[in-house]
Structures are given as C-alpha cells and as structure tokens.
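K.L.:
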Amino acid sequence: MKRNIAWFAASAAALALLYAPGVNRNLFYLMFSLSCAGLIVVLAQRARIRLAALALLLVAATVSVSAPLPRRVQVDLTYENSLKEYPAQARMIFRFELTELEKRSAECGGLQPYAMIVGRNLQTLDITANGKPPVKVDIVPVNERLLMMALLPEGLGSTVTLRLDPREPFMLHQGPEVMGLDAYPDGVYLRFQSPKCHVVYHAKRTRDD
Amino acid sequence: MTDATIRRILQVVLVLLVGWNLYAFGGKEHELFTTKHYFSGWEAYYGGYANEYFDYGDRYVTFNREGVFNLSNFESLQNNAPPKGRGGFMLGYDGAGRMFSSGFLPALIQRLSFGTLNVHATYFVANSLFWIIAIGTAWLFGRRAFRDPFTRFLAPALVACYPVFTLMFNSFKVQYAHCVFILAGLYLAHVVLRRLDLFSMTLGLACLFAMSAFAGGGHVLLLAALLAWLFAGHTFARNSTVMSGVDGRSSMRLLGAALAGFAIALAVTTLVRYIQDVPNQSDYYDMRKVFLTDTLAYAKAWLTGADRSELTFLGFKGDRFFAEILGMFTRSIFWSNPVVFCGGLLAFVFCRDARPFVFTAVALFVPSHAPEILVSWVGAYGYGNAPSVLLLLIGFAGMLGALLSVPRDSLVLMRPAAMVAAVALFAASTGYYLTGRKHHADNYFFSWKNIDKIENIHVYHGNRYTTY
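Below is the structure:
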C-alpha cells in the first residue's frame, strides 16, 4: 500500500510540476493522465513498467502537437441549411458518363434510369436528358427539402446530358460528396435501379448555358 | 480428437478471425456511409450526414456531422493551453460526454506519435485499442471463469467479430467505448483489485470511474454492473468458477471501495469541470428529470391506480415504454445476433459458470439504452446493446466450451453430438457477424431497415468505382 501511495503521489506531483510553470495547463488532459497513471500504479507490479508508463505519460503531456487538424472545407458555408439559391433562367448542365452500365445491367437485371435532384421549389424545373423530357416526375418531401425523381426515357446511350431549366428561382442542396480530389457539391445525380441494385453516377456541373 | 488438438485449432481460428476482421473492415468508413443518399429514405443527405470534409492534400475525406463534437474535444486535448472553457469544448448533445474516448485517447496517441499520425490514423489506432482490450479481457475471463480449456479462445474469437467494434474502426464518435470499460472494469475489479489493499482498490476504481465518466456515461454502468455481478456471484452463482476463493468479506470491501471510488471520481471530475467552465448538464436532456422525477411520478401513479397517460416513464409517455420501446430494444439485441442472444440466455440455464455474465447482461440491458431514453428517441442504438452483448458473448462461449468438454466416457454419441453442436453454433454466430454488413450497420444505427434494403450498390464518380 505504501509503495502504491508513493508512486501515485509522485505521479500527481510530476503532473503538477507541468501545470505550475504552464507547460500544460489543460486540466482535463492532466486529470485523464493522472487516472491512467493511477491505474498503472495499481496494476503493474514492477517498478520498471511503472516508470516507463509514467515517463510516457509525462512526455505526452509535455509535447504540444503542432500538427493541426487538416484543412476543413465547409460545403454549406454561407448557405442557409445547405441550400444554394439560383435565379430563374440559371440553366445547368450535367454530363454523366455511364461507365460499365451494360455490365451492371447484366448483373442486376432491368435497371430503371432516374435523375435525382435534391432541393426546394423543384416543381419549377424543366428537365431534359439528351434533349428528351422525362417519362414521369415525382417530387416527394424528405427532411425539410424536396426530392425530385425523374424517370428518364430508355435508350440514353453511354453519356447522358442532363439539363435543368428553372422557370422560377429554386434551391439546390449542397452536399459533401467527394472522391479523390474532386468535389461534387450539387445534389444532382443519376440512379439506375432494380430490386437488387442501385447504380449511382455522379458528375460535376459543366458551364451554365 | 484430443483436447490439445482442439485448443491448437481454436488458437489458429482466433488469430485468423482477428486478422480477418482487421483486414476486411479496418479500411471501411461506416459512420458516414450509412447516411448516404444511395439508400432509400436518406436522399436528403447528399454526400452523407455532413457539412464539410477534410482536405488532406492528396484526397478529400468527408466525416459525419456529429463527429464535429468529438473532433472539437480532440482539438482541445491536443492543446496544452487551457481550453477556452465553453468555447473550447463543443457543447452539443455529446458535450464533454465522450471526452476521454474520443478526445483524450486519440490526443494521447497523436502526441506520442509527435503529430506524425493524421487524424484518421489516430482514431483508427484508438478504436483498435478498444477492440484489442475487449478481446484481451474476454480471453482473461475465459481463463478465469470457466473450467474448460476452450472458452479462453472461443470468447475472444466472438468478441473480435462483434460489429460494434468492426464497424467502428474509423469512427470519430467512439460511441461504444463504455462497453469496454464495463467489461475490463468488471474483470479488474473482481479478479485483480479485489486482492489489493483498500487504498489501492479504491484508487484503481476511482481512476476507472474518472475515465469512463467521459466515455458515454460508462461510470454509472460500470457501478451498476459491479452491483449486479456481486449480487449474482453471492446468490445463485456462488458455486461458479469465477466465484471460487471469493468470500463475502472481500466483496463487501470491493463494494465499499467502488462506492468510495465513484464518489471520488465524481468529485474530482466535477471540480475540473467547474474550473474549466464545462457544465455538468446538457441543454438537450435532463437526466434527473427523465430517470428520477418523471419516472417516480409514473411509478406512484401506477401503484395508486391513477391516470398515467400524461406522465412519462423513462422518457416515453404513458405506457409507451412497455408497449413499444422495450420490444424495440429487445428486437435490436435479438437481431444483432439471434444465435448469441438465444444461446446466451440458454447458457444461463445449462452452464453454471455463465450465470454471472448473463445475469449482469440482463441487468445492464435497459440502463445501457440511456441515450435513447434521455432524448425519447424511437430507435435502438446498437451500441446501447453492447455492454449486455459482450457479457452474453462470454456466457455463450462458456456454454460452447462446456459442450466441447463433454467427457469421453459419456453416453454413446453424446460427446460427438456435443462437439458438432458447439462447432455449428460457433460457426453460425461468427458467420452471422462476418456477413450482412449492411444489416449490422442498420442494426447499429436504429434498425430502421433503410440500409439493408438494397443488396448491391455501385457508385461511379467519373471512372472511379466504389461498391457497397
């Protein structure tokens, strides 16, 4: 018991010595370090293990990691609730390359092509895919915004040019969809679906027309 | 087949399962993927439930919006200067609640690496550490609490496959850490600390409580687990292997030390919170109201036969907790692994050594769902089952170990039948964990059945392809 008291007191004193001159003034950090030290003191039988553990904790408490967290990019900065407003006549074009679609169709059975758009006031959008209007459009509310599911015509080929023509101002959801060093912020994508599969394609917006 | 051969096979299986789980699931990000717009019902979360992403220079990486709270704690604990108090610690609904598991531990790892590990690698190491500790504790319990020589390999093998860990290797939120404190804390208290002097026992427990207080309320659950364990150990499980050599006097000392340690931990943590200006109460929930005031009012109305339709019991109005919520929690733990659930409960009947584990698992079941209860959330978190499941896994493993140990001179075919049953149950339970990842992700996050509706999801970003 005396040995444990001595070791624990020494641990507390060592951490206090970091606090006093201002080496580490983070009380939560010191409290957790002392808790770890206390547990090691109680569990470890050998002095060498106790010393090594205490040394590691002290070194860690002394080191101030200078490497900050990586730069954070906020997708919805300045937008209200991740929704970016566009004026009427702000036409948009997305070009989707349907990589491996035939292969997926063979695996998944008949795939129905949908254009999916997330935002608000979507009923004002006129949609065309390769110049053709959708077969059917459903707009459903989802989590304080709308989801447009536009069933596209068959036989679109291996590239789909999706054009959005708003008749009135509308809002497009901005999401943190990323891959590699590419960001795809606009809530617009294609989904080919069957009961077994979803095949999703992302593309960046090309220039506004 | 000799016992030595069986042990060798189990050793190999254990090593293979540990390696496989790390290899297969170590690189997967499940905390965000389950909220993506690929799944029906989540279309609004384009890119996932997030607002931002990291720029690592060679790639962008999105992270779950709720992880921001934990990253703020991590940042605060990377820093040697005192945090700015309320400004330095993110005070969302997580608040400081996971400051040890998702703040201090990753910060300690990153400090010891002198900043060479990036934030994702740091959290991977922290999560792996919790996983390894759980596996190690299961091995120790298997050795100490069961007479057979096999449970010490079966229990850690099952724990190694448990999706609460394997889904969360890359988690920032580290929601499940309290279950590791409970399991390891129980072992340390019962097997190690009990043999020490009173000061050392109290010190060890106070340290455990201080750490687990900032790992999702683990300190309360650990104390509850100890109480349940001691009760079981000195009543119907007094003849179990884990209780051999344990007398009532040492348990009373342990209980006293636990209560004293809990009080010390509370006092110290409250003082530190006060100095650093981190409040002890969240804006999102009121623990005293939910667990005490309202629940006692309901109980009183129930006893007197008064109308309780406008009262709340454990966060839910009227009788809703009993009519709906308890069933929802039970379905969640059942579907986490039906083999383990049923096998664990059967172990209570057929395996005396499993009884303390199964009883404690049952005692912890409702309290472990405190997060859902506190915010009246109609959905079961998988990590709410974790403290109970870990104990059930060990109890279940004990039963399998007993089956493998049926004596050779038993009735004809009894030994081969028992061994076949053990192998089949082990294979079924581990197989269930290793397959159906979307089901397990769905079970972890509310079991709303959104995620596992679609068998195959293929996503293309230009020529880059990902499959789920």
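Which chain is which? The protein sequence lines are A and B, in order. Note that the numbering used here gives residue 96 to position 96 of the first sequence, counting from 1, and the numbers run on in steps of one. To get the numbering used here, take the position in the second sequence, counting from 1, and add 209. Cβ coordinates follow ideal geometry from the N, Cα and C atoms, glycine included. Just so it is clear, the structure is predicted and the values come from calculations on it, not from any experiment.
1) Give the single residue among B:L414, B:E252, B:G257 and B:L407 whose Cα lies nearest to the Cα of A:I139.
2) Specify, as a first and last residue, the run of the beta strand (DSSP E) that A:K84 falls within.
3) Compare the C-alpha of B:T411 against each of B:A398, B:F531 and B:L219 and name the closest.
4) Keeping to the same chain, check which residues put their C-beta closer than 7 Å to that of B:W229; ignore five residues upstream and five downstream.
5) Excluding the 5 residues preceding and the 5 following B:C560 in the sequence, name in chain order all residues of the same chain whose CB lies nearer than 6 Å to its CB.
6) Our contact map puts B:V373 next to B:Y592 with C-beta atoms below 8 Å; I'd like the distance itself, whole angstroms only.
7) Over what stretch of residues does the beta strand (DSSP E) that includes A:G119 continue unbroken?
8) What are the start and end residues of each continuous alpha helix (DSSP H) run of 4 or more residues lying completely inside the stretch 542-581 of chain B, in chain order?
9) What residue does the alpha helix (DSSP H) around B:M461 start on, and which one ends it?
10) Quick check on the DSSP output: the beta strand (DSSP E) that includes B:N665 runs from which residue to which?
11) Mind checking whether B:V270 and B:Y262 have CB atoms under 8 Å apart?
12) Would you grab the beta carbon distance between B:N260 and A:D76 for me? Rounded to a whole angstrom, and I think it's under 8 Å.
13) Can you look up A:L58 in the DSSP assignment and give me helix, strand or coil?
14) In the DSSP assignment, find the unbroken beta strand (DSSP E) run with A:K136 in it and report its ends.
15) In three-state terms, what does DSSP make of B:V383?
16) What in chain B is Cβ-close to A:Y201, meaning under 7 Å?
17) Between the stretch 180-195 of chain A and the stretch 318-330 of chain B, are three or more C-beta pairs nearer than 8 Å?
18) Answer with buried or exposed for B:D516, where buried requires no fewer than 16 other C-beta atoms within 10 angstroms of its C-beta.
19) Identify whether B:H443 lies in helix, strand or coil by the three-state DSSP scheme.
20) I want to check one thing, is the minimum distance from the CB of B:T346 to the heavy atoms of the ligand MG below 7 Å?
21) Examine chain B for any beta-carbon lying closer than 8 Å to the beta-carbon of A:P133, and answer yes or no.
22) Thinking B:W438 and B:L395 are a contact (beta carbons under 8 Å), I'd like their distance in whole angstroms, please.
23) Give a yes or no on whether 8 Å exceeds the smallest Cβ distance from B:F390 to chain A.
24) Under a CB-based cut-off of 8 Å, is B:A253 close to chain A?
25) Would you please verify whether the beta carbon of A:T99 is less than 8 Å from any beta carbon of chain B?
26) Might you give, ordered along the chain, the residues of its own chain that have their beta carbon closer than 6 Å to the beta carbon of B:G680, omitting 5 neighbours on each side?
27) Bridge partners of B:V621, per DSSP?
28) Could you tell me the alpha carbon to alpha carbon distance between B:D651 and B:L620, rounded to whole angstroms?
29) Under 9 Å Cβ-Cβ, which residues of chain B neighbour A:Y184?
30) Decide if the stretch 213-226 of chain B is in contact with the stretch 36-50 of chain A; the criterion is three or more beta carbon pairs, one per stretch, under 8 Å apart.
31) From the DSSP output, read off the bridge partner residues of B:L338.
32) How long is the line joining the alpha carbons of B:F522 and A:R145, rounded to whole angstroms?
33) With burial defined as no fewer than 16 other Cβ atoms inside 10 Å of the residue's Cβ, what is the status of A:H202: buried or exposed?
34) For a contact meaning CB atoms closer than 7 Å, what does B:C416 contact in chain A?
35) List the residues of chain A that B:Y262 touches, going by C-beta distances under 8 Å, in chain order.
36) Check whether chain B comes within 8 Å of A:M171, counting only Cβ atoms and requiring the distance to be less than that.
P.N.:
On the basis of the coordinates in this document:
1) B:E252
2) A:K84 -> beta strand (DSSP E) spans L83 to Y86.
3) B:A398
4) none
5) So the qualifying residues of the chain are G607, M608 and A611.
6) 6 Å
7) Q112 to R120
8) The stretch 542-581 of chain B is shown to contain whole alpha helix (DSSP H) runs of 4 or more residues at 547-559 and 564-574, in chain order.
9) G457 to Q485
10) N665 to H670
11) yes
12) B:N260 to A:D76, Cβ: 5 Å. Contact.
13) helix
14) Boundaries of the beta strand (DSSP E) harbouring A:K136: K136 to V142, taken from the DSSP string.
15) coil
16) Y669
17) Result no; under three Cβ-Cβ pairs closer than 8 Å.
18) exposed
19) coil
20) Absence of the ligand MG from the depicted structure is noted, as is the absence of any ligand whatsoever, leaving it without description.
21) no
22) 6 Å
23) no
24) yes
25) yes
26) Residue 680 of chain B falls outside the range modelled here, since chain B spans only 210 to 677, and no answer is possible.
27) B:V621 is not bridged to any residue.
28) 45 Å
29) Y255, G256 and H670
30) no
31) Under DSSP, no beta-bridge partner is assigned to B:L338.
32) 34 Å
33) buried
34) Here the neighbours are S35, G38 and L39.
35) R72, V73, V75, P176, V178 and A183
36) Not closer than 8 Å to any Cβ of chain B, the Cβ of A:M171 fails to qualify, so no.
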